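Residues 190 to 314 in the numbering used here are what the sequence shown lists, from first letter to last.
Data first, discussion second: the structure below is written as C-alpha cells.
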Amino acid sequence: MQVPLDELIAEPRAACRFYPRDQLTEKRRGDVRLRNLLPDPLPGMVLDRMELPPRSQLTGVPHMPGTREYLACEAGTIVLAAAGERWTLRAGDVVVFRGDQRHSYANPGTVIAVGYSVVLLVPVS
Numbered sequence: 190m191q192v193p194l195d196e197l198i199a200e201p202r203a204a205c206r207f208y209p210r211d212q213l214t215e216k217r218r219g220d221v222r223l224r225n226l227l228p229d230p231l232p233g234m235v236l237d238r239m240e241l242p243p244r245s246q247l248t249g250v251p252h253m254p255g256t257r258e259y260l261a262c263e264a265g266t267i268v269l270a271a272a273g274e275r276w277t278l279r280a281g282d283v284v285v286f287r288g289d290q291r292h293s294y295a296n297p298g299t300v301i302a303v304g305y306s307v308v309l310l311v312p313v314s
C-alpha cells in the first residue's frame, strides 16, 4: 500500500485551509526575519523564508550529521559561507550544502534580500 503509518492514523484533513500571513510562525534573529513557509510540519524537513535587511548577517545553527540544506535566493543578494567557501546568490540561484557544519547568511546589498531555506534532516535512530 506504501502509505506512511502517520497518514493512516492522522485526523482527516479538510480539502483546503487558508492561512493568513499573520497566522504563520515568525521569529527574529537579530535583524533577520524567519518565517515558517508551511503551517503544517513535514516530517524530516524544515522550510523557512528568510528576510535579510541590507548589510545584515545571520549565523546558521549546524544540524545533525548528514543533514542537507538548500538555499534559494528569491530577491536581492545573499552570500552563504559554509565549509570554508563562499557563494554569492542572486535571484533564482540555489546552492546545496551540508547543513551539519558552521554556516552563515549575509546580505551585502542595499535592498532587502529574500531567501528560502530547505533543511532535510537525517532521521534520528
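Here a beta-carbon is modelled for each residue, glycine too, at the ideal position from N, C-alpha and C.
Quick caveat: nothing in here was measured; it's all calculated off a predicted structure.
Taking the alpha-carbon of N225 as reference, which of L310, Y305, L309, P312 has the nearest alpha-carbon?
Per the Cα distances, Y305.
Who are the near neighbours of S293 in its chain, counting only those whose CB is closer than 7 Å to its CB and skipping five residues on each side?
The answer, listed in chain order, is Q246, L247, T248, G249, A270.
Using the beta-carbon count (16 or more within 10 Å), is I198 buried or exposed?
I198 comes out exposed.
Which residues bound the beta strand (DSSP E) around N225?
Element bounds for N225: 221-225.
Quick check on the burial criterion: 16 or more other C-beta atoms within 10 angstroms. Buried or exposed for F207?
The residue is exposed, with fewer than 16 neighbouring Cβ atoms inside 10 Å.
Taking its Cβ as the centre, do 16 or more other Cβ atoms sit within 10 Å of L213, making it buried, or is it exposed?
Exposed, since its Cβ has fewer than 16 Cβ neighbours within 10 Å.
Of the choices V307, T299, L310, A295, whose alpha-carbon is the least far from that of R218?
R218 has its Cα closest to that of A295, out of V307, T299, L310, A295.
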